[in-house]
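Only one structure is covered here, and it is reproduced in the block below.
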Amino acid sequence: MVYKHSAYGCKSGYDSQVADDNVTFHTFPTDPEIRDKWIRANPRNDFVPTKYSRLCSLHFQPSDFIHVRSDTNHRRLKILSENRQRRYLKQDAVPSMFPNAPEYLSTPVRTPRTTRKAASGSRREDEARKLHELEESFHASDDVSSLSLTDISTTLLQETSLPQGFNISIIDNSLLVYMLELSDDNIPTIVACITLKSDLTLTCSLQGKLVPPSQYSDLVTEQLAQLSQLVNVMARLKSWQTDPSSTSSSFYVLTAIDILEKAIDCLQDSNSDEHRQIHFIVEQLQLLLKQKHGRHYTPELTIFAFMIHAASPAAYQVLWDENVLCLPSTKTVKKVTRRLNWITAVDNSAYLQLRVSQLIEPERTVTLMIDEIYIAKRVEYTAGGVQGLTTESSVASTLLCFMVKSLANKYKDFVAIYPMDKLIAVKLFDCYSEVMSLLRRTAMNVVAILVDNAASLLPTGNFLPTVCAVETCPPAYWIRSLDSQSS
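The sequence shown: position 162 = 159 (this note's numbering), numbered continuously.
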C-alpha cells in the first residue's frame, strides 16, 4: 500500500523528487488529543487522516526528535556517527513547519514560557542571589587591605557616614584620625586619637591614655581590613568622649590592667616584692571583672589564702565577708586544707602489706634508716592541693624520711616522709612511734636503726656510731638525749 503524504504542498516521497535518506515519515498519533493537534496544525481544510496518512520530518523542529544508538557493538560505540543513530519523534511533538504553505499558516518557533519566577522558592533564590552580589560589591569597595595610607585618607574623606568632629592627617608614615577640644584658654587638646600604621595596625587613645585593644577587638582584631571598621572605631571613641556615662567601669579597669602589665614587663627581677605586689593587684583587677562562680585563682593566690586561713580562720572569714579582696571562699580553702591531712598521706599500710606478702619470714627482718633532707623553702599549689607546708601550716625546710632495708635480700622501700620546719626531739619521737606502729602492723621486724651524722638524729657523745642496735640503744633513750644535747 502506498503511503499518502498529508502536508500542504509537500512533495517529499514523490518520484519526481530526489530521495533524501535524512527525511523520515511519521504516522498520525493514536492519542486523540495529540492527533487533533496534528490535524489543526496541518493547513488543509476538512482533512481527515487515515491509517496510511504520513507527515515527513521536514515539518518538525529539530528539538522534536530524540536520537538513539542502534549499534550494539561495544567496540564501535566509542565512534560517533549519525549513521549508527536512529531518530524518533517525541510523543508530544506537533508539526509546526509548512514552508510551501502561506506564512500565516505556519506556527513560528517560540521560546517556551517558564513559570520559574512565579514560585516563592525561585523568588527567594533570586533575592538571595541579588543580596549576595550586593554584599560582594560592598566588600570589594570597603576593602582597604591593599591601599596605602594616602588612599585610605582620600577614601575616608569621601565617606558619607563619617562621624563629625574628626580631623585626618598623615605624619611620620602614620595616619592620624583625631578629635580636638579647646580649653578655656583656647589651647587645643587631643581628646581622642586613632593611629593607623603602614602595616594597618591600630592604636587608640582617649584623654591621653591608651585604650586597651580588648575594648575594640570586636571591631578590629589585629590589622585593619575594611574601611567600615575604622569608621566604627571612630564612632565608639566619639561616644566615649561625648558621653562618659556610656563608658563602663570595665573600660577603666582594663586600662589599669594594661598599664600595670607593662610595669611588670619593665621589672627585671621576677622574685622582687614589687613584682609580687603588682602581680597581686593585676590578678585582683582581673578577678573583679568576672562573676564569683566563674573565677579561677592562681596557685600563688590560693597559697596566700590558705596561709591566712591556717593562721586565723575567723580573720579570713571577716576578710572574705567584707568583699574587699577577691579571695576563694572558706569552703574552697577547707578543701585544700583537707588535702594536707598528713595522717592519710603517710598511711602506706596497704602498700607495705602487699610488698611484705611477697617476702619470706627471714626477709622481713629489716633495718630502719632515718635521714633528714633539706629542700627549698617554697610552697606550691599543684594537682588541687598545697605542697610544701607542715602540719602546723608553716613552710617546710626539710623532709624527715623513714626507709626500711631487708637484711636477707635487696628489698628496700620508703615508709613515711614528714615535712618539717624545725626538727625537735618531740616531733622526731612522734614520727618514730607512728612508723614503728606501721611496721608492726605489716609484720616487719626492726633489728637496728641507721642514721646519718646529723646531731639531731644521733645519741650524745663525741664519737657516735652510724648503727645503733635497738636492744642496746632504745629509741626512747636517744630521742630523749636530743633535748639535753640541744639545751
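For glycine and all other residues, C-beta sits at the position ideal for the given N, C-alpha and C.
Counted within 10 angstroms of its Cβ, other Cβ atoms place residue i as buried (16 or more) or exposed
i: residue 351; result: exposed
i: residue 39; result: buried
i: residue 293; result: exposed
i: residue 200; result: exposed
i: residue 296; result: exposed
i: residue 79; result: Confidence in residue 79 is poor, its pLDDT being 49 and thus under 50, which makes the residue's placement unreliable; the coordinate value appears in the next sentence. Classification of residue 79: exposed, given that the 10 Å Cβ count is below 16.
i: residue 341; result: Residue confidence is low: residue 341 scores 41 on pLDDT, short of 50, so the model does not pin down where it sits. Its coordinate-derived value is still stated next. Residue 341 should be labelled exposed.
i: residue 141; result: buried
i: residue 124; result: exposed
i: residue 128; result: exposed
i: residue 256; result: exposed
i: residue 11; result: exposed
i: residue 338; result: The predicted model places residue 338 with a pLDDT of 43, which falls under 50 and marks its position as unreliable, so this point remains unresolved.
i: residue 298; result: buried
i: residue 131; result: exposed
i: residue 361; result: buried
i: residue 302; result: buried
i: residue 463; result: With a pLDDT of 38 at residue 463, under the threshold of 50, the modelled position of this residue cannot be trusted; read the value that follows with caution. Counting Cβ neighbours within 10 Å, residue 463 comes out exposed, since fewer than 16 surround it.
i: residue 179; result: exposed
i: residue 120; result: exposed
i: residue 315; result: exposed
i: residue 191; result: buried
CB contact flag (residue i, residue j, <9 Å)
i: residue 3; j: residue 44; result: yes
i: residue 6; j: residue 95; result: yes
i: residue 309; j: residue 317; result: no
i: residue 264; j: residue 272; result: yes
i: residue 438; j: residue 354; result: no
i: residue 176; j: residue 238; result: yes
i: residue 252; j: residue 217; result: no
i: residue 443; j: residue 364; result: yes
i: residue 149; j: residue 172; result: yes
i: residue 424; j: residue 366; result: no
i: residue 83; j: residue 64; result: yes
Residue closest to residue i, alpha-carbon to alpha-carbon, out of the options
i: residue 404; options: 446, 437, 53; result: 446
i: residue 53; options: 165, 268, 91; result: 91
i: residue 268; options: 375, 185, 288, 125; result: 375
i: residue 228; options: 153, 97, 8; result: 153
i: residue 262; options: 279, 248, 247, 250; result: 279
i: residue 51; options: 211, 64, 430, 35; result: 35
i: residue 155; options: 139, 122, 170, 168; result: 139
i: residue 240; options: 394, 225, 189; result: 189
i: residue 348; options: 330, 440, 83, 275; result: 440
i: residue 373; options: 357, 392, 162; result: 392
i: residue 235; options: 174, 89, 291; result: 174
i: residue 368; options: 321, 330, 417; result: 417
i: residue 41; options: 84, 97, 31, 87; result: 97
i: residue 331; options: 421, 300, 320, 321; result: 300
i: residue 250; options: 266, 274, 285, 231; result: 285
i: residue 428; options: 400, 407, 408, 409; result: 400
i: residue 406; options: 274, 357, 151; result: 357
i: residue 193; options: 274, 166, 119; result: 166
i: residue 57; options: 20, 409, 29, 28; result: 20
i: residue 487; options: 402, 8, 117, 211; result: It is not possible to answer for residue 487, since the shown part of the chain is limited to -2 through 484.
i: residue 289; options: 322, 307, 266; result: 322
Enclosing beta strand (DSSP E) for residue i [first to last residue]
i: residue 364; result: 362 to 371
i: residue 185; result: 185 to 194
i: residue 401; result: 395 to 403
i: residue 155; result: Residue 155 -> no beta strand (DSSP E), and no H or E assigned at all.
i: residue 311; result: Where residue 311 is concerned, there is no enclosing beta strand (DSSP E), although the alpha helix (DSSP H) it sits in stretches over 310 to 319.
i: residue 442; result: 442 to 448
i: residue 287; result: Note, residue 287: premise wrong, no beta strand (DSSP E); not H, not E.
i: residue 204; result: Residue 204 -> no beta strand (DSSP E), and no H or E assigned at all.
i: residue 166; result: 163 to 168
i: residue 409; result: 409 to 417
i: residue 214; result: Unbroken run through residue 214: none, as it is neither H nor E.
i: residue 56; result: That residue, residue 56, is in no beta strand (DSSP E); it is neither H nor E in DSSP.
i: residue 22; result: 22 to 24
Supposed contact pair residue j and residue i - C-beta distance, whole angstroms, cut 8 Å
i: residue 220; j: residue 196; result: 7 Å
i: residue 414; j: residue 396; result: 5 Å
i: residue 305; j: residue 312; result: 7 Å
i: residue 160; j: residue 231; result: 5 Å
Residue i beta carbon near the ligand SAM (any heavy atom closer than 8 Å)
i: residue 437; result: In the structure shown, the ligand SAM is absent, as is every other ligand, since no ligand is present at all.
Span of the alpha helix (DSSP H) around residue i
i: residue 34; result: 29 to 38
i: residue 121; result: 117 to 139
i: residue 348; result: 346 to 353
i: residue 248; result: 246 to 263
i: residue 429; result: 422 to 438
i: residue 295; result: Here residue 295 belongs to no alpha helix (DSSP H), and DSSP marks it neither H nor E.
i: residue 174; result: No alpha helix (DSSP H) holds residue 174; the beta strand (DSSP E) holding it covers 171 to 179.
i: residue 233; result: 224 to 239
Residue i at chain D interface by Cβ criterion, 9 Å
i: residue 240; result: Going by chain labels, chain D is absent from the structure shown, which holds only one protein chain.
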